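Residue numbers (the working numbering), protein chains in the order written: chain A, 1 to 333; chain B, 334 to 666. Note sheet for the following structure.
There are 2 protein chains.
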Amino acid sequence: MTPDRPGLSMPRLIALDWGTTSMRSWLLGDEGRILETREPAGGLLDMAAGIDAADPAARARAYEAAYLDVCGGWLRDHPGLPALACGMVGSAQGWCEAGYLTVPARLDSTARSLTEITLAAGAVHLVPGLRVASDARHDIPGDVLRGEETQVIGVLELIARPDAEHIVVLPGTHTKWMRIEDRTVRSFTTAMSGELYGLVTGHGLLSHTATDPRRDDAAFTRGLTAGFSPRERGLATALFGARALVLDGLLAPSSLADYLSGVVLADEVRHLLPQYRAERIVLCGNADLCRRYAAALRMRGVVTEVVGEDAAAAGLWSIAVAAGVVAAEAASR
Amino acid sequence: MTPDRPGLSMPRLIALDWGTTSMRSWLLGDEGRILETREPAGGLLDMAAGIDAADPAARARAYEAAYLDVCGGWLRDHPGLPALACGMVGSAQGWCEAGYLTVPARLDSTARSLTEITLAAGAVHLVPGLRVASDARHDIPGDVLRGEETQVIGVLELIARPDAEHIVVLPGTHTKWMRIEDRTVRSFTTAMSGELYGLVTGHGLLSHTATDPRRDDAAFTRGLTAGFSPRERGLATALFGARALVLDGLLAPSSLADYLSGVVLADEVRHLLPQYRAERIVLCGNADLCRRYAAALRMRGVVTEVVGEDAAAAGLWSIAVAAGVVAAEAASR
Numbered sequence: 001m002t003p004d005r006p007g008l009s010m011p012r013l014i015a016l017d018w019g020t021t022s023m024r025s026w027l028l029g030d031e032g033r034i035l036e037t038r039e040p041a042g043g044l045l046d047m048a049a050g051i052d053a054a055d056p057a058a059r060a061r062a063y064e065a066a067y068l069d070v071c072g073g074w075l076r077d078h079p080g081l082p083a084l085a086c087g088m089v090g091s092a093q094g095w096c097e098a099g100y101l102t103v104p105a106r107l108d109s110t111a112r113s114l115t116e117i118t119l120a121a122g123a124v125h126l127v128p129g130l131r132v133a134s135d136a137r138h139d140i141p142g143d144v145l146r147g148e149e150t151q152v153i154g155v156l157e158l159i160a161r162p163d164a165e166h167i168v169v170l171p172g173t174h175t176k177w178m179r180i181e182d183r184t185v186r187s188f189t190t191a192m193s194g195e196l197y198g199l200v201t202g203h204g205l206l207s208h209t210a211t212d213p214r215r216d217d218a219a220f221t222r223g224l225t226a227g228f229s230p231r232e233r234g235l236a237t238a239l240f241g242a243r244a245l246v247l248d249g250l251l252a253p254s255s256l257a258d259y260l261s262g263v264v265l266a267d268e269v270r271h272l273l274p275q276y277r278a279e280r281i282v283l284c285g286n287a288d289l290c291r292r293y294a295a296a297l298r299m300r301g302v303v304t305e306v307v308g309e310d311a312a313a314a315g316l317w318s319i320a321v322a323a324g325v326v327a328a329e330a331a332s333r
Numbered sequence: 334m335t336p337d338r339p340g341l342s343m344p345r346l347i348a349l350d351w352g353t354t355s356m357r358s359w360l361l362g363d364e365g366r367i368l369e370t371r372e373p374a375g376g377l378l379d380m381a382a383g384i385d386a387a388d389p390a391a392r393a394r395a396y397e398a399a400y401l402d403v404c405g406g407w408l409r410d411h412p413g414l415p416a417l418a419c420g421m422v423g424s425a426q427g428w429c430e431a432g433y434l435t436v437p438a439r440l441d442s443t444a445r446s447l448t449e450i451t452l453a454a455g456a457v458h459l460v461p462g463l464r465v466a467s468d469a470r471h472d473i474p475g476d477v478l479r480g481e482e483t484q485v486i487g488v489l490e491l492i493a494r495p496d497a498e499h500i501v502v503l504p505g506t507h508t509k510w511m512r513i514e515d516r517t518v519r520s521f522t523t524a525m526s527g528e529l530y531g532l533v534t535g536h537g538l539l540s541h542t543a544t545d546p547r548r549d550d551a552a553f554t555r556g557l558t559a560g561f562s563p564r565e566r567g568l569a570t571a572l573f574g575a576r577a578l579v580l581d582g583l584l585a586p587s588s589l590a591d592y593l594s595g596v597v598l599a600d601e602v603r604h605l606l607p608q609y610r611a612e613r614i615v616l617c618g619n620a621d622l623c624r625r626y627a628a629a630l631r632m633r634g635v636v637t638e639v640v641g642e643d644a645a646a647a648g649l650w651s652i653a654v655a656a657g658v659v660a661a662e663a664a665s666r
């Protein structure tokens, strides 16, 4: 181990968390140590804009070019370095469809189900996503995720008692609630609250009212309180109510966005917490979003523990070792 | 009365329902008979795009120009013809702020609270909106509407027992639920379900999945059923679930929009129907939207009666007569 001299650590893996709206890439050394991080602007949505969705070959060329654009320097310095990528890059609209494992799914089966893309510069492996199958007979929708399976593998590396039952919430545009037990994903649920918040504050009527947004934690808490109130009358009504508060001079236009954030988040927690009954929840994601979820959950008596976004790098390393994508000697050197 | 010879009816009033996203104008003759209708594309949002919101004089000039653009021909043929307008045109961002009446509000007080704009071509009167005041002490948002007060006055002209208690729902981008009794608006609630539906299908992730939309009543009913299900886990989750149905091949991409319409509408009805407890509801608005609300309400055991959008014209005439904007002889000629 050379924890204080990262310069001596050999690069072993390019790890990528490549999602719909963002991409993060890490150069990982022995034991998965982070040697370098690159976070280019944009994710799949930006890329997809210029590509003919019906032409898989054109799509693959575009993804390869984007990959080399971000990681080409690492590959030039370390020819043949393997890469492992998780996220929407493995979806049908991504680089190459990497499939799904159906829950309940043991997290260690992920490493046995990688999809390999052969490039001259070095292989790229894709992590499969997870799915809850729809129930056709009762017309109950299933669910899907990509990337969070890898973050959760990283989370289990970073928390105590990884074999116990845990509720892990991964806040984001499409927040995932997951029940893990014995390193197995028992079930998960998506709430697209982050997307709804973005749509309402970015495009709708309220975007005209929410001028000059400024952080206002008190307004966020007021939004949570309104959303948790027994008087709550649905998201479509609560969101409009925020505008009345502004018209009546009870809420500054600059604080409207934080109020709405509270309303939307409370609606999610109010619906999903009863399903995922927990006194303790592990949050993994962006620091500001985790802070908001922690505040909301605290109001419902839930204790939270926060794990940072680098959990994805830890998860990718763990999968790469288990799959033999990196040499065993690197794993425990 | 000259019901079969409209050509003999003298034009008495220009009536306008001028909202955020659309404008309808009518040339009304004796007894409020509709002689002509004009429905130009666009509403206030399109107009406001080019105007400096901080300059009321510039805004007023722009609205006057838009008004003369649509109704100038009528005014040239009938100089001095008075006009009465309802809707967002009377908001702070509109032509001229026409104020609000606070509920409970007798509908006949509307006619005593008009705001007059003097033009060389003839006066334009604006109808005040209605508001539910926010409760500052308990931080409970109030509500606002503009235009629907006039539609409801028209509705009472068109239905039986106008003095009885009625629940009137006016579907739209911002649907209004109103409790009327003794021609008094006791309370109302806005649900911006229509806007949420538009944002989700027009801008969000689901807009990429909902390709080539086609009417599918069965998909709409499935969405309603999902939204009304006791398993329902909040709008943010139900909307994402629709995507899983498509991924699992259980819903055609072209039917996704109708499914989402059902999900959003059920969420609204599930929240607001208990508050407006009713076995019978009067719907007033766009025919397709009223059909959707009727289907949703029928699933909850509610009988509906539909009144068309021309209720606004009837309401404007009624207000104009009560306010003396049109001569008494025209009202009952």
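The beta-carbon is built from N, C-alpha and C at its ideal position, and this holds for glycine as well. For clarity, every value in this text was computed on a predicted model and none was experimentally measured.
Check	Outcome
Residue-chain proximity (Ser187 of chain A, chain B), Cβ-Cβ < 9 Å	no
Among B:Gly405, B:Arg445 and B:Phe561, the one whose alpha carbon lies nearest that of Gly455 of chain B	B:Gly405
CB contact flag (Val502 of chain B, Val615 of chain B, <9 Å)	yes
Opening and closing residue of the beta strand (DSSP E) in which Gln602 of chain B lies	The amino acid occupying residue 602 of chain B in the given sequence is Val; Gln does not appear at that position. No beta strand (DSSP E) holds Val602 of chain B; the alpha helix (DSSP H) holding it covers Leu589 to Leu605.
Cutoff 6 Å; reference Val89 of chain A; Cβ partners in own chain excluding five residues on either side	Trp18 and Trp95
Interface residues of the stretch 566-578 of chain B facing chain A [CB-CB below 7 Å]	Arg566, Gly567, Leu568, Ala569, Thr570, Leu572, Phe573, Gly574, Ala575, Ala577 and Leu578
Same chain, Cβ closer than 6 Å to Leu622 of chain B, five either side skipped, listed in chain order	Pro504
Trp428 of chain B (DSSP reduced to helix, strand or coil)	coil
Chain B residues whose Cβ lies nearer than 9 Å to that of Arg222 of chain A	Asp472
For Leu598 of chain B, the nearest candidate out of B:Arg610, B:Arg555, B:Arg357 and B:Arg548 (CA to CA)	B:Arg555
Residue closest to Ala244 of chain A, alpha-carbon to alpha-carbon, out of B:Ala416, B:Pro474 and B:Arg494	B:Pro474
Rounded C-alpha distance that separates Trp407 of chain B from His507 of chain B	31 Å
Partner residues on chain A for Val533 of chain B, Cβ-Cβ distance less than 9 Å	Met192, Glu195, Leu196 and Leu199
Test item: CB-CB of Val518 of chain B and Leu247 of chain A under 9 Å	no
CB contact below 9 Å: Glu148 of chain A versus chain B	no
Same chain only: Cβ atoms within 6 Å of Arg409 of chain B, ignoring 5 sequence neighbours per side	none
Outcome for Ser193 of chain A when other beta-carbon atoms lying within 10 angstroms are tallied against a minimum of 16	buried
Proximity to Arg613 of chain B [Cα-Cα], best of B:Ala444, B:Ala590 and B:Arg512	B:Arg512
Buried or exposed by the 16-neighbour rule on C-beta atoms within 10 Å, applied to Arg394 of chain B	exposed
In DSSP terms, what Thr115 of chain A is bridged to	A:Leu126
Inter-residue Cα distance where the pair is His166 of chain A and Asp212 of chain A	39 Å
Contact check, Gly487 of chain B vs Ala645 of chain B, beta carbons under 9 Å	yes
C-beta neighbour in chain A for Val436 of chain B, strict 9 Å	no
Contact set for Ala655 of chain B: own chain, Cβ-Cβ below 6 Å, skip 5 residues either direction	Ala444
Residue environment, Ser109 of chain A, which counts as buried when at least 16 other CB atoms sit within 10 Å	exposed
Of the residues B:Ala660, B:Asp591, B:Leu572 and B:Pro344, the one placed nearest Asp550 of chain B, counting alpha carbons only	B:Asp591
Contact set between Ser467 of chain B and chain A, taken where Cβ atoms lie within less than 7 Å	Ala244, Leu245, Asp248 and Leu250
Buried or exposed by the 16-neighbour rule on C-beta atoms within 10 Å, applied to Pro415 of chain B	buried
Outcome for Ala242 of chain A when other beta-carbon atoms lying within 10 angstroms are tallied against a minimum of 16	buried
Where Val144 of chain A meets chain B, residues with beta-carbon distance less than 7 Å	Ala577 and Leu580
CA-to-CA distance, Arg270 of chain A to Pro230 of chain A, given in whole angstroms	10 Å
Completely contained beta strand (DSSP E) runs for the stretch 11-43 of chain A, where each covers 3 or more residues	13-18, 23-28 and 34-38
Cβ pair Arg357 of chain B, Glu372 of chain B closer than 9 Å	yes
Cβ of Arg161 of chain A within 9 Å of any chain B Cβ	no
Whether Arg214 of chain A touches Thr522 of chain B by CB criterion (9 Å)	no
C-beta atoms of Thr225 of chain A and Gly262 of chain A nearer than 9 Å	yes
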